[in-house]
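Beneath this line is the structure, given in structure tokens, with notes to follow.
In the numbering used here, the protein residues as written are 240 to 398.
This is the structure we're talking about:
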């Protein structure tokens, strides 16, 4: 399986005509055996309603849904980060820099996927109700490839 993610860092040296490309996932705070990368995040306005507290005070509550999708890579198995370089002339580099992405190639591992959902109830001080959903895919990293989304050209890879 392969998942598209943003590189952690992209820099270009015009003198050497070299890109330096980095993919370094963050430590998973809830499980020290994994590093993770965010694949996608989205927020959605779910409208509002009129609420009342126990003292009869009314207030408008807004509702929102926040969803995130993460790829968790086992630290003890496979490729979890990549720093590489690619030789590209200056004109090409200017055109492709905003379109460079990382492709994380993985083999799924148990527990394969998980989902958590968190609710935040509104209060008079903070009249906002929210639902946060996080979906996680677990894997062993087989490789990272950096590519130009516009042309499909692979710039470099690890291993």
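Glycine included, C-beta positions come from ideal geometry on N, C-alpha and C.
Every value quoted in this text rests on a predicted model; they were computed, and no experiment measured them.
For residue 271 and residue 265, the rounded distance between their alpha carbons
11 Å
Based on Cα-Cα distance, which residue from 358, 377 and 376 lies nearest to residue 368?
Ranking 358, 377 and 376 by CA distance to the CA of residue 368 puts 358 first.
What residue ranges within the segment 352-390 form continuous beta strand (DSSP E) runs of no fewer than 3 residues, ordered along the chain?
367-387
By the 10 Å Cβ neighbour count, where 16 or more other Cβ atoms means buried, how is residue 282 classified, buried or exposed?
exposed
Where the alpha helix (DSSP H) through residue 331 begins and ends:
Start and end: 329-335.
For residue 320, write down the residues that DSSP places opposite it in a beta bridge.
None; residue 320 has no bridge partner.
For residue 257: DSSP bridge partner residues:
For residue 257, the beta-bridge partners assigned by DSSP are 252 and 326.
C-alpha distance - residue 324 paired with residue 395, whole-angstrom precision
7 Å
Pull the bridge partners of residue 299 from the DSSP assignment, please.
289
From the DSSP secondary-structure annotation, give me the bridge partner or partners of residue 394.
Answer is none; residue 394 lacks a bridge partner.
Given residue 336, which residues of its chain have a CB within under 7 Å of its CB, disregarding the five upstream and five downstream residues?
Here the set comprises 249 and 251.
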